[in-house]
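Asker: Taking our numbering, the leading residue of the sequence shown gets 66, the next gets one more, and so forth. Just dropping this structure here.
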Amino acid sequence: MSQAQTVTEVKGYIFACTNKTEKECFDRMLFSTNKIYAEKALQVKKGDMLFLLNLETDVLYGPFKAESDGKKDIVPEAWGGKYPYQVVVEKSDKTAVCKTSGKILNRLGVDWKEPLNSELTDILVELLKNGHDNGGSPLNLQFIVPKKIRNLQKPADEKPTLEATTLWDYPRQSYGKTPKGNNRYAGVTPAFILYNMIKRYTEPGDLVVDPMSGSGTTLDVCREENRRCIAYDIAPPRLDIIQNDARHIPLDDNSVDMIFIDSPYGDNIDYNSHPGNIGKISAESDEFYDELEKVMKECHRILKQGKVLGWLIGDQWVKKKFTPVGFLIYQRLCKYFETVDIVCVTRRNQTSNTGMWYNRAIRFNFYLRGFKYLFLMRKDSDKKEGSDRTKVNWTQYSREKDSEKAHASSKKNEAQE
Ligand SMILES: C[S@@+](CC[C@H](N)C(=O)[O-])C[C@H]1O[C@@H](n2cnc3c(N)ncnc32)[C@H](O)[C@@H]1O
66 MSQAQTVTEV KGYIFACTNK TEKECFDRML FSTNKIYAEK ALQVKKGDML FLLNLETDVL
126 YGPFKAESDG KKDIVPEAWG GKYPYQVVVE KSDKTAVCKT SGKILNRLGV DWKEPLNSEL
186 TDILVELLKN GHDNGGSPLN LQFIVPKKIR NLQKPADEKP TLEATTLWDY PRQSYGKTPK
246 GNNRYAGVTP AFILYNMIKR YTEPGDLVVD PMSGSGTTLD VCREENRRCI AYDIAPPRLD
306 IIQNDARHIP LDDNSVDMIF IDSPYGDNID YNSHPGNIGK ISAESDEFYD ELEKVMKECH
366 RILKQGKVLG WLIGDQWVKK KFTPVGFLIY QRLCKYFETV DIVCVTRRNQ TSNTGMWYNR
426 AIRFNFYLRG FKYLFLMRKD SDKKEGSDRT KVNWTQYSRE KDSEKAHASS KKNEAQE
């Protein structure tokens, strides 16, 4: 076997747990994860080497052997159904503990979210066997990690990080070895957005629809992440995109698990000359919002209850006039959907990112568009379709009550100390 094959071969997996979930892992001899890391769990084959990492205490347990392949719902009721991607683990009396694994994994360049190649698997087995936590000889990383095989956990393909805040900022349009969409297509969507949405709101095998898919970014990300995808466009630039007007989507009611739309933001980009192209209508006219509302209505019809739609849109500043396209679109979306959240996506790769435009913006006292909105909306059974309910249900929040609570809990802690 060649060196290249040796280093990319996957042999081990680290599963994560918390203080709350750890006991159940051992009681059931079952390791698990949620849909975010579903692919990793489904990749596990019977006989693979497994480790369990408590993310709160940094304790690493292992090695274990997988007694089953990774599957969904081996024990559906485990952890109250929260972690359905599971693998059965063989009982072993050779299980060891490493109490300071955080630092060590970091030095080894190991990311628990990624599969482990055979070298790293062997190193972790060795680490647990010889680690000082187990009364063995003191840990000598120089010894157990020969220089040439450090940092070998190169994932098969680069994957984006999952976003935890509502500000998403990407240095480029795509990631990984294969292109996602076409970065020369005017108005192409950053593939990172699709990756984040798919990971958060769908599971492997789910159906994703992009009714205005342009160069096919959604389709490419879905394929790589094992989601089914139907991509439409009024003027498809690729054969695997179906020609269709987004105001009438040929799918059944309640049949889709997630929808993503990066619609035209007005008539600023000349996408194509198709008469049905909504990108020919000015965002300063009501007609633009009326036509896009027809698309929203269709999205609402085909989406399953409780599932999510993402709508990417930017504002407009043209000929000294500002149009809050985002707010106007959001208002229409609220007629059909409940808001999950609003994300701000930094605009980077646009034609106005030049010194000349910078000078103009300062000289003529206007702003260049710096962000787009990503409206994350949910189809909610309680919301009557088309009801003009843009009213916000305010969450009650009282500073007084909260500070009283904090005071009471610090008193309790003091009493325990
Ligand atoms: C911002 S682009 C989408 C970019 C795409 N997400 C990508 O990554 O390449 C908007 C797309 O909407 C399409 N479009 C405009 N009107 C449409 C309609 N009525 N039905 C379907 N697609 C339409 C345009 O052809 C254009 O490709």
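No residue lacks a Cβ here, since even glycine has one placed at the ideal position from N, Cα and C. Nothing here was measured: the structure is a model prediction, and the numbers come from that model.
#1: Closer than 8 Å by C-beta to T231: which residues in its own chain qualify, once you throw out the five before and the five after it? Chain order, please.
#2: Count the other C-beta atoms from every protein chain shown that fall within 10 angstroms of the C-beta of V360, then say buried if there are 16 or more, exposed otherwise.
#3: Any contact between the stretch 88-97 and the stretch 140-159? By contact I mean 3 or more CB pairs, one from each, below 8 Å.
#4: On the DSSP letters alone, give me the boundaries of the alpha helix (DSSP H) that K437 sits inside.
#5: If I measure Cβ to Cβ from Y235 and keep anything under 6 Å in the same chain, skipping five residues before and after, which residues do I get?
#6: I need the DSSP call for G331, collapsed to helix, strand or coil.
#7: Any heavy atom of ligand 1 closer than 7 Å to the CB of M277?
#8: Over the uninterrupted alpha helix (DSSP H) stretch that includes L398, give me the two end residues.
#9: So is R397 buried or exposed if we call it buried at 16+ other beta carbons inside 10 Å?
#10: Since Y411 is in the beta strand (DSSP E), which residue starts that stretch and which ends it?
#11: In the DSSP output, which residue or residues are listed as bridge partners for C163?
#12: Quick one: is E121 buried, meaning 16 or more other Cβ sit within 10 Å of its Cβ, or exposed?
#13: Return the Cβ separation of D305 and L284 in integer angstroms, given the expectation that the two are a contact with Cβ distance under 8 Å.
#14: Could you work out which residue in V124, A103, V253 and W177 is closest to I79 when comparing CA atoms only?
#15: According to the neighbour-count rule (16 or more other Cβ atoms, all chains shown, within 10 Å of its Cβ), is S328 buried or exposed?
#16: On the three-pair Cβ rule with 8 Å, is the stretch 106-115 touching the stretch 126-141?
#17: Pull up the CB-CB distance for R288 and C294, whole angstroms please, since I reckon it's below 8 Å.
#18: Alpha carbon to alpha carbon, what distance is there between K110 and S133?
#19: Could you tell me the boundaries of the beta strand (DSSP E) in which V286 lies?
#20: From Y432 to T416, what distance separates their C-alpha atoms?
#21: Using three-state DSSP, classify P141 as helix, strand or coil.
#22: Identify which residue in R366, P301, F91 and L107 has its Cα closest to the Cα of S157.
#23: So, with DSSP's three-state summary, where would you put F429?
#24: Rounded to whole angstroms, how far is the Cβ of I324 from the Cβ of V274, which I believe are closer than 8 Å?
#25: Would A229 be called buried (16 or more neighbouring beta carbons within 10 Å of its own) or exposed?
#26: Closer than 7 Å: is that where the CB of R312 sits relative to any heavy atom of ligand 1?
#27: Might you give, ordered along the chain, the residues of its own chain that have their beta carbon closer than 6 Å to the beta carbon of R366, omitting 5 neighbours on each side?
#28: Hey, would you say the C-beta of T243 is under 7 Å away from at least one heavy atom of ligand 1?
#29: Can you give the Cα-Cα distance for K105 and N291, rounded to whole angstroms?
#30: What is the rounded straight-line gap between the Cα of T404 and the Cα of L259?
#31: With distances taken between CB atoms, is the gap from E363 to A311 smaller than 8 Å?
#32: Under three-state DSSP, which class holds E297?
#33: Does T254 come out as helix, strand or coil in the three-state DSSP assignment?
#34: By the three-class DSSP mapping on this structure, what secondary structure does W177 have?
#35: Does the Cβ of S328 lie closer than 7 Å to at least one heavy atom of ligand 1?
Answerer: With the given structure in hand:
#1: Stepping through the sequence shown from its first residue, residue 231 is reached at position 166. Closer than 8 Å at Cβ, skipping near neighbours: D406, I407, V408 and C409.
#2: Sequence index remark: in the sequence shown, residue 360 carries index 295 (1-based). It counts as buried.
#3: yes
#4: Locating residue 437 in the sequence shown gives position 372, where the first residue counts as 1. Counting along the chain, K437 falls outside any alpha helix (DSSP H), though it belongs to the beta strand (DSSP E) covering F436 to R443.
#5: Walking along the sequence shown from the start, residue 235 turns up at place 170. If we look at Y235 and ignore the five residues flanking it on each side, its Cβ neighbours are P255 and F257.
#6: Along the sequence shown, one-based indexing puts residue 331 at 266. Three-state result, G331: coil.
#7: The residue given as residue 277 occupies position 212 in the sequence shown. Within the cutoff, so yes.
#8: For the purposes of this step, residue 398 is taken as residue 333 along the sequence shown, with counting starting at 1. From DSSP, the alpha helix (DSSP H) with L398 extends over V390 to L398.
#9: Within the sequence shown, numbered from 1, the residue matching residue 397 stands at position 332. It counts as buried.
#10: Within the sequence shown, residue 411 is the residue found at index 346, counting from 1. Residue identity check: residue 411 is Thr in the sequence provided, not Tyr. Per DSSP, T411 belongs to the beta strand (DSSP E) from E403 to T411.
#11: Indexing the sequence shown from 1 puts residue 163 at position 98. Per DSSP, L125.
#12: Position 56 of the sequence shown, counted from the first residue, corresponds to residue 121. Exposed, since its Cβ has fewer than 16 Cβ neighbours within 10 Å.
#13: On the sequence shown, residue 305 is found 240 positions in, with the first residue counted as 1. On the sequence shown, residue 284 is found 219 positions in, with the first residue counted as 1. Confirmed, Cβ separation roughly 6 Å.
#14: As a first step, residue 79 is located in the sequence shown; it is residue number 14 there, counting from the start. Between I79 and the set V124, A103, V253 and W177, the nearest pair of CA atoms involves W177.
#15: Position 263 of the sequence shown, counted from the first residue, corresponds to residue 328. So S328 counts as buried.
#16: yes
#17: As a working mapping, residue 288 is identified with position 223 in the sequence shown. As a working mapping, residue 294 is identified with position 229 in the sequence shown. Going by Cβ atoms, the distance from R288 to C294 rounds to 7 Å, so yes, they are a contact pair.
#18: Taking the sequence shown and counting its residues from 1, the one referred to as residue 133 is at position 68. Taking the sequence shown and counting its residues from 1, the one referred to as residue 110 is at position 45. Going by the C-alpha atoms only, they are around 7 Å apart.
#19: Along the sequence shown, one-based indexing puts residue 286 at 221. V286 -> not in any beta strand (DSSP E); alpha helix (DSSP H) instead, spanning T282 to E289.
#20: Walking along the sequence shown from the start, residue 432 turns up at place 367. Walking along the sequence shown from the start, residue 416 turns up at place 351. Their Cα atoms are separated by approximately 14 Å.
#21: Position 76 of the sequence shown holds residue 141. P141: coil per DSSP, three-state reduction.
#22: Within the sequence shown, residue 157 is the residue found at index 92, counting from 1. Per the Cα distances, F91.
#23: The sequence position of residue 429 within the sequence shown is 364, counting from 1. DSSP places F429 in coil when its eight states are reduced to three.
#24: For this step, residue 324 is matched to residue 259 along the sequence shown. For this step, residue 274 is matched to residue 209 along the sequence shown. Contact holds; Cβ gap of about 5 Å.
#25: Position 164 of the sequence shown, counting from 1, holds the residue named residue 229. The residue in question, A229, is exposed, as its Cβ has fewer than 16 Cβ neighbours within 10 Å.
#26: Along the sequence shown, read from residue 1 onward, the residue named residue 312 stands at position 247. Yes; taking the cut-off as 7 Å, the Cβ of R312 has a heavy atom of ligand 1 nearer than that.
#27: Sequence index remark: in the sequence shown, residue 366 carries index 301 (1-based). Taken in chain order, the residues that qualify are D318.
#28: Residue numbering aside, residue 243 sits at position 178 when the sequence shown is read from its first letter. T243 Cβ: outside cutoff for every heavy atom of ligand 1.
#29: Position 40 of the sequence shown, counted from the start, is the residue given in the question as residue 105. Position 226 of the sequence shown, counted from the start, is the residue given in the question as residue 291. A direct Cα-Cα distance of roughly 12 Å separates K105 from N291.
#30: As a working note, residue 404 is residue 339 in the sequence shown. As a working note, residue 259 is residue 194 in the sequence shown. Their Cα atoms are separated by approximately 18 Å.
#31: Counted from its first residue, the sequence shown places residue 363 at position 298. Counted from its first residue, the sequence shown places residue 311 at position 246. Contact check for E363 against A311 passes: the beta carbons are separated by less than 8 Å.
#32: For this step, residue 297 is matched to residue 232 along the sequence shown. Residue identity differs from the one stated: residue 297 is Tyr in this sequence, not Glu. Judged by DSSP in its simplified three-state form, Y297 adopts strand.
#33: For this step, residue 254 is matched to residue 189 along the sequence shown. In this structure, T254 counts as coil in the three-state DSSP scheme.
#34: Start at 1 with the first residue of the sequence shown, and residue 177 comes out as number 112. Correct three-state label for W177: coil.
#35: Start at 1 with the first residue of the sequence shown, and residue 328 comes out as number 263. Yes, the Cβ of S328 comes within 7 Å of a heavy atom of ligand 1.
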